[in-house]
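Down below is the structure, laid out as structure tokens.
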Amino acid sequence: VVVLSPEGAFDKQLMSLVTLNGDIQKIQEQIALSMEAIHQQIGELVSTADQTFKQVKSETAERVSYGNHVLIVCFSLSIMTSMFLTYYFINRRIVARLIGLGDSIDAIIKNDLSHPVVVDGNDEIGRLSEKLIEYGEKVQEIQRTNALSLINNTTASLITSDLNGVV
Numbered sequence: 157v158v159v160l161s162p163e164g165a166f167d168k169q170l171m172s173l174v175t176l177n178g179d180i181q182k183i184q185e186q187i188a189l190s191m192e193a194i195h196q197q198i199g200e201l202v203s204t205a206d207q208t209f210k211q212v213k214s215e216t217a218e219r220v221s222y223g224n225h226v227l228i229v230c231f232s233l234s235i236m237t238s239m240f241l242t243y244y245f246i247n248r249r250i251v252a253r254l255i256g257l258g259d260s261i262d263a264i265i266k267n268d269l270s271h272p273v274v275v276d277g278n279d280e281i282g283r284l285s286e287k288l289i290e291y292g293e294k295v296q297e298i299q300r301t302n303a304l305s306l307i308n309n310t311t312a313s314l315i316t317s318d319l320n321g322v323v
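In terms of the numbering used here, the sequence shown opens at residue 157 and continues consecutively.
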């Protein structure tokens, strides 16, 4: 009977259990509030991370696009520079020399043997220039021979005819 009395051991244990249950409920409410706050903070962090990710993705896309434009400009400049240098060297090393050689040939055709033929290289164009010089010298020699032959024939004609045409 003492066990069931209002101040007995059973009553104390029941009161202790009721107090513990109340404390547990308060702690559960505090835990629930803390969990809700943590969930809200996690949501904000996820939202911030998502916005940051989108911003980084956008900036990366812009930088890649800018890099592509820079590459295209550099590639275009390099192609244009290559084309210019190729044109310059082909024009200077081949075309200009061939034009000079053509001018020398035109001079030889017009019997202007004073026009200089310039040998400016050890390649095919240089060898062609050397052969053109040899050809010009041969033409001069043939012209000299023809002139001497003409003079010799003219002298013989003068000896065999007089001014009256009597032979």
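All C-beta atoms in this analysis are idealised placements derived from N, C-alpha and C, irrespective of residue type, glycine included.
By the three-class DSSP mapping on this structure, what secondary structure does residue i have?
i, result
"Asp276", "coil"
"His225", "helix"
"Val179", "Before going on, a small fix: residue 179 reads as Asp here, not Val. Correct three-state label for Asp179: helix."
"Ser270", "coil"
"Gly164", "coil"
I need the straight-line Cα distance from residue i to residue j, nearest angstrom please.
i, j, result
"Gln196", "Val202", "10 angstroms"
"Glu192", "Ile180", "18 angstroms"
"Ser221", "Phe231", "15 angstroms"
"Leu173", "Ile194", "30 angstroms"
"Leu324", "Arg219", "Since the displayed the chain opens at 157 and closes at 323, residue 324 lies outside it and no answer follows."
"Gly178", "Ser161", "23 angstroms"
"Leu170", "Thr208", "55 angstroms"
"His225", "Asn247", "32 angstroms"
"Ile307", "Arg300", "10 angstroms"
"Lys213", "Gly223", "15 angstroms"
"Thr242", "Leu257", "21 angstroms"
"Leu233", "Glu215", "27 angstroms"
"Gln186", "Glu163", "32 angstroms"
"Leu304", "Gly277", "36 angstroms"
"Tyr244", "Asp206", "56 angstroms"
"Arg251", "Val229", "For clarity, residue 251 is Val in the given sequence; the question names Arg instead. Straight-line Cα distance between these residues: approximately 31 angstroms."
Confirm, please, whether the CB-CB distance from residue j to residue i is below 7 angstroms.
i, j, result
"Ile289", "Val274", "no"
"Arg253", "Ile235", "no"
"His271", "Ser260", "yes"
Roughly how far, in whole angstroms, is the beta-carbon of residue i from the beta-carbon of residue j, given that I think they are within contact range, below 8 angstroms?
i, j, result
"Lys292", "Ile264", "Position check: residue 292 holds Gly in this sequence, whereas Lys was assumed. That pair is a contact at about 5 angstroms."
Candidates the options: which alpha carbon is nearest residue i's?
i, options, result
"Ile298", "Asn267, Ile198, Leu241, Gly256", "Asn267"
"Arg249", "Thr175, Leu189, Asn309, Asp279", "Asp279"
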